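Going by the numbering used here, the letters in the sequence shown line up with residues 1179 to 1257, in that order.
Ideal Cβ placement from N, Cα and C applies to all residues, glycine included.
Bear in mind that the values here come from a model prediction, so they are computed numbers and not experimental data.
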Amino acid sequence: MGSFSLMHWLVLGVIAILLLGGGRFSNMMGDVAKGIKQFKKGMAEDDEAAQKPAEIEAKRVSDPQPQAQTEARPAHEER
């Protein structure tokens, strides 16, 4: 009772073909197939881009300049 039988699916298929027409139905299925191919092609391109590591340019950072040293003392010192 919860699922369709084979006969239900056949009747629905015949009605769909009659309403949409044979040529229109085949064109629609061809468009679905093209969409699937484009999706697979896009996924393959994403995989290729992900496999190439990003090239990072190494830049030499200059050594820090020496600064005047100060005497450390507590922040809450009574004066």
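Nearest-angstrom Cα separation, counted from PHE1217 out to GLU1226:
14 Å
Would a C-beta distance cut-off of 8 Å place ILE1195 and PHE1203 closer than the cut-off?
yes
Alpha carbon to alpha carbon, how far is GLU1233 from TRP1187? Give it in angstroms, no decimals.
55 Å
I need the straight-line Cα distance from PRO1244 to GLU1235, nearest angstrom please.
27 Å
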